[in-house]
Amino acid sequence: MAMPVSVVKPIVGVDVAKDELFIYQAELDLLESIPNDKTAIKKWLKALPAPVDLAIESTNTYHLAFADMAHEAGCTIYMVGGYELSHYRKGVKVRAKTDALDAKLLARYLKNEYEELHPWIPPSPLYRRLLSLFRRRAALVQARVGLVQSWANEPLLKSAFAEQVASMQRLETLVEKMISDQLKEAGLLADLKRCTKVEGIGFLTGARLIATFQRGDFRNADAFIAFLGMDLRVS
Numbered sequence: 001m002a003m004p005v006s007v008v009k010p011i012v013g014v015d016v017a018k019d020e021l022f023i024y025q026a027e028l029d030l031l032e033s034i035p036n037d038k039t040a041i042k043k044w045l046k047a048l049p050a051p052v053d054l055a056i057e058s059t060n061t062y063h064l065a066f067a068d069m070a071h072e073a074g075c076t077i078y079m080v081g082g083y084e085l086s087h088y089r090k091g092v093k094v095r096a097k098t099d100a101l102d103a104k105l106l107a108r109y110l111k112n113e114y115e116e117l118h119p120w121i122p123p124s125p126l127y128r129r130l131l132s133l134f135r136r137r138a139a140l141v142q143a144r145v146g147l148v149q150s151w152a153n154e155p156l157l158k159s160a161f162a163e164q165v166a167s168m169q170r171l172e173t174l175v176e177k178m179i180s181d182q183l184k185e186a187g188l189l190a191d192l193k194r195c196t197k198v199e200g201i202g203f204l205t206g207a208r209l210i211a212t213f214q215r216g217d218f219r220n221a222d223a224f225i226a227f228l229g230m231d232l233r234v235s
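With the UniProt record's numbering applied, the sequence shown covers 1 to 235.
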């Protein structure tokens, strides 16, 4: 682990849930919780005497409103993945896991690993649109597969159910077309074509790669792999 360094801004750890934020201000040893909505977030940010350094655990999409508003308020954001935080928790021998303890652990992580971390940069509108479409499609596919499995042995409504499944498949196709249209408007279809030339990479995987490429200016392939949180080794 990196040695602690002197940080100019106060350090704050934020554990994110769907409806609530647990916030730990290390300098004041103050733990508080606020609703995870824009009104409460705006009020909390306005009460800060100055911008702070924030370590936030990225949780689904529940952290985005807080991260965007804090960034606009001049705070520096450091995103910490659940995988990273889990390993750090084991490394410092913290066995208990609660929202309050995670907020403190995030602040501790930022303080001790500051030199190894990179500030979060808000994603582009294109990235957010693509990510939303990917999530919608994934939810649609999951729902369709679940329905097909649960209705497999129901002969009485076979015809009507087949129409429903076909309708869901048409919606999947429409979502995929919208993904393609977004990439076309951004002038990224040539990049997508290059990705899909790699064996095993199809349209959707290639589109996900293209979207992820938009999240930073990567020096090389190793930097991109590290950004994904992977440790690629030849076996």
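Cβ atoms here follow ideal geometry from the backbone N, Cα and C, with glycine treated the same way.
With 16 other Cβ atoms within 10 Å as the buried cut-off, status of residue i
i	result
residue 162	exposed
residue 206	buried
residue 195	buried
residue 57	buried
residue 157	exposed
residue 83	exposed
residue 145	exposed
residue 137	buried
residue 55	buried
residue 11	buried
Residue i versus residue j - alpha carbon distance
i	j	result
residue 213	residue 200	18 angstroms
residue 9	residue 74	11 angstroms
residue 15	residue 37	14 angstroms
residue 13	residue 197	43 angstroms
residue 175	residue 151	25 angstroms
residue 21	residue 185	37 angstroms
residue 118	residue 215	13 angstroms
residue 202	residue 211	14 angstroms
residue 80	residue 96	18 angstroms
residue 104	residue 149	43 angstroms
residue 135	residue 66	20 angstroms
Opening and closing residue of the beta strand (DSSP E) in which residue i lies
i	result
residue 33	30-35
residue 54	53-57
residue 24	20-25
Close-in-space but distant-in-sequence residues of the same chain around residue i (CB under 7 angstroms, 5 per side omitted)
i	result
residue 179	130, 133 and 207
residue 252	Given a span of 1 to 235 for the chain in the structure shown, any question on residue 252 remains unanswerable.
residue 166	none
residue 100	22 and 31
Residue span of the alpha helix (DSSP H) that contains residue i, given as start and end
i	result
residue 163	158-185
residue 206	203-213
residue 78	Residue 78 -> not in any alpha helix (DSSP H); beta strand (DSSP E) instead, spanning 76-80.
residue 12	Segment 11-16 is the beta strand (DSSP E) holding residue 12; no alpha helix (DSSP H) there.
residue 146	125-150
residue 109	99-113
Spatial neighbours of residue i in its chain, beta-carbon cut-off 8 angstroms, leaving aside the 5 residues before and after
i	result
residue 182	126, 129, 130 and 133
residue 68	122
residue 164	147
residue 85	57, 102, 105, 106 and 109
residue 143	168
Beta-carbon contacts of residue i that lie in its chain and below 6 angstroms, excluding the five residues immediately before and after
i	result
residue 18	62
> How do the stretch 178-189 and the stretch 105-123 stand: do at least 3 beta-carbon pairs fall below 8 angstroms, yes or no?
Replying inline: By the Cβ rule, the stretch 178-189 does not count as touching the stretch 105-123, because fewer than three pairs are nearer than 8 angstroms.
> Are three or more beta carbon pairs between the stretch 69-84 and the stretch 41-60 nearer than 8 angstroms?
Replying inline: A contact exists between the stretch 69-84 and the stretch 41-60.
> Are at least three pairs of beta-carbons, each pair with one atom in the stretch 90-101 and one in the stretch 49-61, less than 8 angstroms apart?
Replying inline: With a cut-off of 8 angstroms, the stretch 49-61 and the stretch 90-101 do not count as touching, because too few Cβ pairs lie within range.
>> Three or more C-beta pairs under 8 angstroms: does that hold for the stretch 118-125 against the stretch 18-32?
In response: By the Cβ test, the stretch 118-125 is not in contact with the stretch 18-32, since fewer than three Cβ pairs between them sit closer than 8 angstroms.
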